[in-house]
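Those sequence lines, one after another, are chains A and B. Those letters in the first sequence? Residues 1 to 201, by the UniProt record's numbering. Those letters in the second sequence? Residues 1 to 201, by the UniProt record's numbering. Inspection log for the structure reproduced underneath, given as structure tokens.
Number of protein chains: 2
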Amino acid sequence: MAQTIAGPEIERLIQLLARLPGLGPRSARRAALHLIGRREQLLGPLADALAVARERITVCSACGNVDTSDPCTICRDPSRDPAIIVVVEGVSDLWALERAGAIRAGYHVLGGVLSPLDGVRPEHLSLDSLVARAGRPETKELILALSATVDGQTTAHYVTELVRHLPVTVTRLAHGVPIGGELDYLDEGTLTAALRQRTPF
Amino acid sequence: MAQTIAGPEIERLIQLLARLPGLGPRSARRAALHLIGRREQLLGPLADALAVARERITVCSACGNVDTSDPCTICRDPSRDPAIIVVVEGVSDLWALERAGAIRAGYHVLGGVLSPLDGVRPEHLSLDSLVARAGRPETKELILALSATVDGQTTAHYVTELVRHLPVTVTRLAHGVPIGGELDYLDEGTLTAALRQRTPF
């Protein structure tokens, strides 16, 4: 198809762009043309940024965060509370919590949640290193910041069992009404949880 | 925000990805993490493909197509009918027509359509080179393959006026029922056009 028209270089670029989440074959073609039409402003800078990322970005061997240093900026930050480890599924969740800015603690990126359907088993997650960190004398609390899905909660229970023998407190995020949420759009599970965990006003 | 967490390199990558059509800030973050997690399979190859594109992809000085050679593969193809020039708004339209494989002719990419609202005036389009090509003795027909929008049809009329003094036939794409289209979902304009341009069965 297109490779006979515009050459294999453009076709290869389109195929790679189509493998990004959120882009399909059609939007990958649009993105490729967008890039080609903006060589100096976008195509070149993006090529450079990817080359830098390939060379310098690494996964933190302590917590699983991505950064240009190992241990990562968060793990090396002396202003963070070393007693608390926030356990997240992925780096995007870590970023979301950091954007919220609600806690200055350490993190542990599991690299997924247990999912029998998707074939994700305990050995696929960074659980051994989590148990090792949880067993250190300075660690007092694990906050399980996992999705409120079946797989997320299964993982939360699994982690809790793994560290039961350790003198560490395990907590999880509160369930309830999202800020700005309208009651009549919420599901019954959320409303039930919000009622059960009601707080003094 | 994120640059204080993961370093300026990742933040820069996210900002550039967010400038691709179809990706917003949130999906750009997902795409960046997707790339970082697939260094060998995707991040590296995409960095290379973009570097190749930056170096080698150029705009055909004859027709406006993008290719690694100038004139482009289509303009140099001796098997194409030199009497016919298909006039399109952009390279994506050229690609769409080539995927359909319905005609083996030359193309002319206008680089847009006239749009008073968006400030696109005749001097922004490659009209001079189109008139020059239309005036060559071998050119017999211009097929205006422009969108059936107000701006597209305004542009079609403008082009027709520009070449009126030349011995060249100007045609446009037929309007009608799309293949696979259901009548009761079509607008009245399309149905009227399909009735007016009805063909013997």
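Idealized CB from N, CA, C, for every residue including glycine.
Pull up the distance between the alpha-carbon of residue i and that of residue j, whole angstroms please.
i: T171 of chain B; j: G37 of chain A; result: 29 Å
i: Q3 of chain A; j: R12 of chain A; result: Confidence is the limiting factor: at Q3 of chain A the pLDDT is only 41, short of 50, which leaves the residue's position unreliable, though a coordinate-based value still follows. Taking the straight line from one Cα to the other gives about 8 Å.
i: G44 of chain B; j: L191 of chain B; result: 50 Å
i: R121 of chain B; j: V87 of chain B; result: 17 Å
i: V91 of chain B; j: T199 of chain B; result: 31 Å
i: A156 of chain B; j: H34 of chain A; result: 24 Å
i: E55 of chain A; j: G111 of chain A; result: 22 Å
i: V163 of chain B; j: L130 of chain B; result: 9 Å
i: G119 of chain A; j: D77 of chain B; result: 51 Å
i: D67 of chain A; j: A47 of chain A; result: 19 Å
i: L23 of chain A; j: F201 of chain A; result: 46 Å
i: Q41 of chain A; j: R19 of chain B; result: 10 Å
i: P178 of chain B; j: D128 of chain B; result: 33 Å
i: R196 of chain A; j: C75 of chain A; result: 36 Å
i: A102 of chain A; j: V52 of chain A; result: 31 Å
i: G106 of chain A; j: Q153 of chain A; result: 21 Å
i: G181 of chain A; j: V159 of chain A; result: 30 Å
i: A193 of chain A; j: A193 of chain B; result: 58 Å
i: L117 of chain B; j: E123 of chain B; result: 15 Å
i: L97 of chain B; j: E89 of chain B; result: 12 Å
Can you name the residues of chain A whose CB is closer than 7 Å to the CB of residue i?
i: P45 of chain B; result: L16
i: I57 of chain B; result: E9, I10 and I36
i: S92 of chain B; result: R29, R30 and L33
Verify the CB distance criterion: does residue i have a CB-CB separation below 8 Å to chain B?
i: G7 of chain A; result: yes
i: M1 of chain A; result: With a pLDDT of 41 at M1 of chain A, under the threshold of 50, the modelled position of this residue cannot be trusted; read the value that follows with caution. Interface residue, yes.
i: R196 of chain A; result: no
i: D67 of chain A; result: yes
i: R104 of chain A; result: no
Please decide whether residue i counts as near chain A, where near means a Cβ-Cβ distance under 8 Å.
i: I143 of chain B; result: no
i: T149 of chain B; result: no
i: T73 of chain B; result: yes
For my contact list, residue i and residue j are in at a C-beta cut-off of 8 Å; report their separation, rounded to the angstrom.
i: S79 of chain B; j: R104 of chain B; result: 6 Å
i: S27 of chain B; j: P21 of chain A; result: 7 Å
i: T73 of chain B; j: G64 of chain A; result: Not really, about 47 Å apart at Cβ, beyond 8 Å.
i: W95 of chain A; j: R29 of chain B; result: 7 Å
i: L50 of chain A; j: L50 of chain B; result: 7 Å
For a contact defined as C-beta to C-beta under 8 Å, what are the partners of residue i on chain B?
i: G112 of chain A; result: Correct list: empty, because the minimum Cβ distance to chain B is about 11 Å.
i: I179 of chain A; result: By Cβ distance, chain B contributes nothing, its closest Cβ being about 18 Å from I179 of chain A, past 8 Å.
Leaving aside the five residues before and after residue i along the sequence, list all residues of the same chain whose C-beta is less than 7 Å from its C-beta, in chain order.
i: D93 of chain B; result: A145
i: L166 of chain A; result: A134 and G135
i: T139 of chain B; result: A83, I85, R133 and V168
i: A148 of chain A; result: H175
i: S115 of chain A; result: D151
i: D81 of chain B; result: R104 and A105
i: E141 of chain A; result: A83, I84, V168, T169 and T171
Along chain B, which residues have their Cβ under 7 Å away from the Cβ of residue i?
i: A31 of chain A; result: L20, P21 and G22
i: R54 of chain A; result: R39, L43, G44 and A47
List, in order along the chain, the chain A residues whose C-beta lies closer than 8 Å to that of residue i?
i: A51 of chain B; result: A47 and A51
Beta-carbon within less than 6 Å of residue i's beta-carbon, same chain only, minus the 5 sequence neighbours each way: which residues are those?
i: D70 of chain A; result: T58, C60 and S61
i: L173 of chain B; result: A145
i: L125 of chain A; result: L110, G111 and G112
i: I143 of chain B; result: V86 and T171
i: P25 of chain B; result: A18
i: M1 of chain A; result: Note on M1 of chain A: pLDDT 41, under 50, position unreliable in the model; no value is reported.
i: H108 of chain A; result: C63, I85, V87 and L130
Give every residue of the same chain whose Cβ lies closer than 8 Å to the Cβ of residue i, excluding the five residues on either side of it in the sequence, and list them in chain order.
i: E188 of chain A; result: none
i: A32 of chain B; result: I10, L13, I14 and L17
i: L183 of chain B; result: V177 and L191
Just to make sure I have the definition right: I need the residues of chain B whose C-beta is within less than 9 Å of the C-beta of residue i. Which are they?
i: L13 of chain A; result: L46, A49, L50, V52, A53 and I57
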